[in-house]
Every structure is written in C-alpha cells, then in structure tokens.
Amino acid sequence: MSDLEQFRGETREWLEANCPAQMRTPMNRETDACWGGRNWVFQSEDQKIWLERMAAKGWTAPSWPKEYGGAGLSRAEAKILGQEMKRIGARPALLSFGIWMLGPALLKFGSDAQKMRYLPEICRGEIRWCQGYSEPNAGSDLASLATKCEDISDSGGDHFLVNGSKVWTSYADESDWIFCLVRTDASGKKHHGISFVLFDMQSEGVSTKPIKLISGRSPFCETFFDDVKVPKENLVGERDKGWSIAKYLLTHEREMIGDSGNLKPVAQMVAEMGITPDAGLQAKITELTIDEWAFSQTMSRMLAEAKAGASLGAKSSMLKYYGTELNKRRYEVMMDAAGTDGLEWESERSNDGDLARKWLRTKGNSIEGGTSEIQLNIIAKHILQLPGA
Amino acid sequence: MALLLTDDEKMLQESAEGFFADKAPVSQLRALRDERDATGFSKALWANMAEMGFTGVLVPEDQDGVDMGFMAAGLIAEQMGRNLSASPFLSTSVLAVTALKQAGAEHAAKLLPQIVNGKILIALAVDEAGKHDPDNIALTARPSGNGFKLSGKKSMVVDGHKADQIIVAARTDEGLTLFIVPGDAGGLETERTIMVDSRNAARMVFDDVEVTGEQVLGDVGKGADMLNTVLNAGRAVLAAEMLGASAQVFELTNEYLKERKQFGRIIGEFQALQHRLAHLYCEIELARTSVLAALTALDNNPKSAGPFVSMAKAKLGSVAKLAALESVQLHGGMGMTDELDIGLYLKRIRVAQELFGDSDYHIAKLNK
C-alpha cells in the first residue's frame, strides 16, 4: 500500500470515529458551520466538539506547518482529507478568513513572532478576522486607498495612528481583528506607501455599520477608524511595501472565490427541487453541466500543473473570473427551474426565500475580490502580455 | 484525473509539433486547394506520417503499430489542427483502426499492418443527410444468397473518394451492421465533394452492392455498439483538432493585437479588445481540459467514455466557433481576406464542429 493509500485509510477511520453525526448533515445556513472567534456562540455541542477535534489534529488548516497549528500535510494529502470529508458529507469544522486569506500572507511575509502569535489561535478558531481592503473611493482601483496611518513616534508614542474608513468589510461587526491596508506614505506613486497592519476591532475609535444588500442580508459593513492606536509590532512586512502582500493575498482569495469544486451540480439541485425540466430548460442545464465539469477539471489540472506549493499567479484570475460568472449562470438557471416557487421571499416553505436570496447574493461574486473586468485586465496584462493593460 | 501528460506523451507532442509545422504547414493546404489537387492531401506527407509511426498510433504492437492510445492520437490531431494539415489520419488511423480492432482477428490481422505502413486508406460511411444521425440509418443490407445487397446513400464520407475500402453502416433485420466494401465495388457510385475547408469527402450511392458474410465487421446486428465506439474516437480526436486550431487562431490574434496600430496606438491597448481576447483565453483553457478528460476517459474505457466525449465535442464545438469568429472580427478587414490564414481556420472549424455531431446534437444526446 502506498503512503497516500495508507493516509486515506487512516483518515477515513479517524473521521468515522470523530465526526459527530449531526456534523454530517447538509448545511442550510452559513452559521451551520463554525466561524470561530471571541463572540461565536456554538449552535450545538457537536459543532464545538467537531472544531476541537479537528483543531487538535491540525486539520482546520491541514497544509500549514505543525508548529503553527496545522498538520503539515502535502497537497496530495490535503486533497485526500477533503475527499474523505466530502465522502461522509462532513461540514467544515471551521470557516475562517484567517485560514483562507490572512494565514497564507502571514506564512509568507510575517515575522516569526507574528506567526507564533496569530496562526495557532486562527487554527483553533479562537480569533475571527475581517479584511480591510476596499474604501469608498478605492474599489476596483484599490491601490488608491487613503486610510491614513501615521507614525507618531516623534510625539512620544510607540504606535501608529489610523484614521479613515473601509467598506465591504465582510462580517466586520462579528470579527475580533482586522487585517488592513493603510496609507503610510502619500507622496509617491500610489502602489508605494501602502502598509499591511493588524489590529483589534475592540480598539478605541473603531466602529462598524452593516450594509443591507439586495438579498436582504448584511454580510458586509462599513468600518470607520477614528484615531485608532495600532502597536508598531502589528505591521506585517516592510512599511510602505504592503502592496505586494495585498496582491499575494488577493491571489489566494481569488482561488478561493473561484473554487466551485465543492458546489453541488445544478442538475442535482434541480432534481432535488423535484422539477422535471422541459426541453429548453434541459438543454440549458446540460450546457451548464458541461461547463461545471470543464471548470472543476480545469481547476484540478491547474493545481496539478503548478509546482507543489506554488501560487497560480495570474491564472487565479482566470479561475476567479470564470468560476464566479459560472455561479451566476447556475443561479439564473435555478431560478428558471424553480419558477414562481423560487420567488417566495418569506416563508418556512422556502426556507426564508433561500433560493431567491442566494440568487441575489451571487450577483456580488463577480464584483467582490476584484471585478470580472479587473480579472480580465490581469489576464490581458500578465498572460496575453498586451500593451498598456 | 490529474490530466497531466506522461513523459512519452510529452515527447510525442514535441515531435508532432515540429513535424507538422515543418511537413504540413498551412501553405500546403493552400497549395492543394489552389492546384485543385486530385487527391486532396499530400501522399508524401502520409508516407512521412507512416515513418513517424503516427498512422499506427492506435494499432497494437503485434500488428506493427505503436499502440499509444487515444491521448496520443489526440496530441497528433491537435498539431494537425494548428497547421490545418490535411491527411487521412482521422478516417484511416482513428475511425477505421477503432472499427477494425473490434472486428475480429482476421480483418485486423489483414488490414491493420497495411494501415500502419501507409499502404491503404479506409473511410467510414455513416451519415446520410445534412445532420449527424447514426441512430436512424436508412441504408439497408438485404440478405442475398450467402451474403447481402447494400442499397442506399451516404454523404460526408471523409476521404471516401480515395479510400481503398469503405466501412459502411447498414441496417439489417437483426439491427445495425458494419460492412467493409472495396472502394471500386460494382454498384457503388462515388462523387467527390470538395468542402468549404478545401478537404475531401464523398457522396456515395449504393445500388445493390453485393457483399459476402466475410465482409461483415464483428457480428451481424451488433454494429451499433461498435459504431458508437468508433464515432466517439472520431469525436474526441476532432475535438483535439479543434483545440489545436482554436489555440492557433487565438495566438495569431494575440500577436496581431500587439502589431496593428490605429488612432496612433497599438490596438491591443484597447480594453474592449483585451477583454474579448482574455475571455477567449479562459474558454480555450476549459476546452483544453475537456479534450484531455475525454481522451483520458477513452483510454480508460472506451465503452463508458461516451458522456465525456459528448461533453468535450459540445464544448469544443462552441469554443472553437467562438475562437474563429473572434479572430476574424479582431483582425478587422484583414480577417476577411483569403490572403490571411484566419479564414481557412474558420472554415475548417465549421466542418469539424459539424462532423459527427455539433454542440446541439451532443447536448441532446447527453439529455437522454
């Protein structure tokens, strides 16, 4: 038996023994899996146990080094773990921007002290992070961000002073800490003078205000900083050179947003609705099925082609662009399939308008994390090498 | 499925890349067309392909082939697509070989080595009308003496006008049956049809063409499954050819956008054009994956590969069309000229897209 087969066997056995039955049932809401942090209220004892067991195993961030709370798994092993969890329908033990976004950036750019301080508690789900990137006047043109971060050492402080505001901060009102892009130098070109800092959302001067979306839900906030004191040791990487960290993190975010590998195929979802499609709808479903298949296989091919541990670079823009546009198409077809049943907004029957709200939510997929147009710009510049892009 | 090439496949890919660019570039097709060549492909090229082992890529080693599988056949076809190389590779080395491998030891032993050494051409006669419809074949084989008489017509028989033997799909009382018939059989009338892509096909009329029981491939009435496998091999290889053609026009267009100037600027600076090409790039990447996945599925098990082949043929049908149309438009007026190669790609893609089922056909097939 190869090492990988043995790993699969052991993983299967461990999951069978340790994944609570309730954690193997489908998720209906985002909160059906744990998001962690100081304010998290576990929905059940099983949810808590599942997190604790997975974290103890290092499997909430399986490919991170063991010293930082991961399990040091190879890409192949991590993939097997994912497959085995999917096999028994296990919910994720922890959903976390810390794991998906901040962690990879800290592993690459953070100091040893920062890694030791933040990564293990991210793995254990003890800290919930939000991302301070976009600003009211810095959306697609992110590098023009203006949130001011001053060094006030001269006046005797050992900290920075942050003033400004962020927008589209996911779950800012529920998060413990923020990783934030700030302007430390406004005198030069816009890509210079950006720094990457971390701070506690309970710091004095931080306030948040939820933004209500067309889905009726508020996953995003406006976030305001008014003379927020940030200890200098919370600067990640070099001062004024945070843009490279920001871009690296965005690449990870794109791979994540583009990942429709775990999405339920549209054909299956339509079947579960108990709908028998007519010929026109059936053709649309099949066309989508082909693209779902081609896309998820492309994802695996690109990961297999990239050298172990290497980033996909500009190709992540392709996955982000195609994956999010595909997801919008999926929900359009599902709305077509559901007909007027899919238009119900408030009822138990519709699980509080679940389909309609999800359909509306997908409209943001091709906007957040860099719009489709920005992704096409990146492809044109870095892959097609077109001038002036 | 990781869809990564093995070292052997990478070597083959490289040698095919150099070979077709050198021996069968687009200028060759252009010359064949302009000279109204009677054969429609270069015989010297076919002899070279035999020397390279390409003719026998699907033939078992004990019949002189190299037996590298469908992935390898696809890699060869992809390079032919890039160069618009005209050859009987699809008809003889893919369709006929796949049929003969299922036809019983005698046919295989007799014909496969001759295919490998480039001595015979064999065409497949399946379609009878404008749209691909192998489930409703009308050409009949009536029992007659110890054999049958074939009556009916066929169209779009690729390389049919030059084939030494024709594999014919015919209806018998027992069900669909495949026969192998000499190209010069009595009662068989062949009309060469020059197609929009300047390549050859033929229309055939069978008027009581007599065949013996020995000319049956496999068993009487058992032809449908065989034919399905043969067609799937052809579809996947055509998808690979379309991938090559798409990638080539995409690259030509990418280069053109870096050269052409208007309004005092390189037109590739215009975002409206950049986004169209960037979108095409994404579609071609997905198309590449579907071709690799379909060829892999065929190599794993030809009998269960059908849905994957249909998905790939449907995907390539639409992506290759998009590639051709975008390339014409982005080349502007030049894209409309016969001087530029873009139009030749547009034409070949249209044929490959239609042959053995377009996107609509395969979507309908998947729906069943």
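Top line first, the protein sequences correspond to chains A and B.
All letters in the first sequence, in the order written, are residues 1 to 389 by our numbering.
All letters in the second sequence, in the order written, are residues 1001 to 1368 by our numbering.
Beta carbons: idealized from backbone N, C-alpha and C, even for Gly.
- Residue-level contact check: N1232 (chain B) does not touch chain A, since none of the beta carbons of chain A fall below 7 angstroms from its beta carbon.
- Secondary structure at D1135 (chain B): helix, using DSSP grouped into helix, strand and coil.
- For Q1262 (chain B), the three-state secondary structure derived from DSSP is strand.
- Listed along the chain, the chain A residues whose CB falls inside 8 angstroms of the CB of K1315 (chain B) are I290, D291 and A294.
- Here the segment 291-302 of chain A makes contact with the segment 1286-1293 of chain B; the two share three or more CB pairs at distances below 8 angstroms.
- In the structure shown, the three-state DSSP call for Q1271 (chain B) is helix.
- Nearest neighbour of Q1102 (chain B) by Cα position, chosen from B:I1167, B:L1238, B:K1368 and B:G1218, turns out to be B:G1218.
- Using a Cβ-Cβ cut-off of 7 angstroms, Q297 (chain A) counts as an interface residue toward chain B, since at least one Cβ of chain B sits closer than that to its own.
- Within chain A, not a single residue places a beta-carbon under 9 angstroms from that of L1243 (chain B); the smallest gap is close to 12 angstroms.
- With a contact defined as Cβ atoms closer than 8 angstroms, T223 (chain A) and G132 (chain A) qualify at about 6 angstroms.
- In this structure, the CA atom of T1190 (chain B) is about 42 angstroms from the CA atom of L288 (chain A).
- Ranked by Cα distance from E346 (chain A), the first of A:G339, A:E233 and A:D354 is A:D354.
- Comparing alpha carbon positions, the residue from A:G339, A:Y331 and A:N377 closest to Y321 (chain A) is A:N377.
- The contact set of K1258 (chain B) on chain A, defined by CB atoms closer than 8 angstroms, consists of Q385, L386 and P387 in chain order.
- Each residue's CA atom was taken as its position, placing D1064 (chain B) and N18 (chain A) some 57 angstroms apart.
- Taking 7 angstroms as the CB threshold, H1161 (chain B) stays off the interface with chain A.
- With contacts defined by Cβ atoms closer than 7 angstroms, C130 (chain A) and S165 (chain A) do not form a contacting pair.
- The Cβ-Cβ distance between A1129 (chain B) and V1157 (chain B) does not fall below 7 angstroms.
- Within chain A, no residue has its beta carbon less than 7 angstroms from that of N1146 (chain B); the closest one is some 46 angstroms off.
- Contacts with chain B at 7 angstroms (Cβ-Cβ) do not include T276 (chain A).
- Cβ-Cβ separation between A1236 (chain B) and L1325 (chain B): approximately 23 angstroms, too far for a contact (criterion under 8 angstroms).
- Interface flag for A283 (chain A) against chain B is set, since a Cβ pair is found closer than 7 angstroms.
- A straight line joining the alpha-carbon of F1054 (chain B) with that of M1242 (chain B) spans about 18 angstroms.
- For the pair L1231 (chain B) and Q1013 (chain B), the Cα-to-Cα distance works out to about 24 angstroms.
- Residues of chain B with a Cβ closer than 8 angstroms to the Cβ of L376 (chain A) are, in chain order, Q1274, H1275, A1278 and H1279.
- Under the DSSP definition of a beta bridge, S195 (chain A) partners with A:V182.
- With fewer than 16 other Cβ atoms from the protein chains shown falling within 10 Å of its own Cβ, T31 (chain A) counts as exposed.
- Look at the beta carbons and you see the segment 1317-1324 of chain B touching the segment 1347-1354 of chain B: at least three pairs across the two are nearer than 8 angstroms.
- Ranking B:P1307, B:R1171, B:V1066 and B:R1036 by CA distance to the CA of D1127 (chain B) puts B:R1171 first.
- When the Cα atoms are used, C1282 (chain B) and M318 (chain A) turn out to be separated by approximately 6 angstroms.
- By alpha-carbon distance to E348 (chain A), the top candidate from A:T11, A:N28, A:M23 and A:E5 is A:N28.
- At a beta-carbon threshold of 9 angstroms, the residues of chain B lying near R301 (chain A) are M1001, A1002, L1003, L1004, E1285, R1288, T1289, L1292 and A1293, ordered along the chain.
- Of the residues assessed, F1356 (chain B) falls on the buried side of the cut-off, its CB having 16 or more other CB atoms within 10 angstroms.
- Going by beta carbons, S1151 (chain B) and R1203 (chain B) fall outside the 7 angstroms limit.
- Within the segment 317-334 of chain A, those residues whose Cβ lies closer than 7 angstroms to any Cβ of chain B are, in chain order, M318, Y321 and Y322.
- For the segment 17-49 of chain A, the beta-carbon criterion of a distance under 7 angstroms to any beta-carbon of chain B is satisfied by none of its residues.
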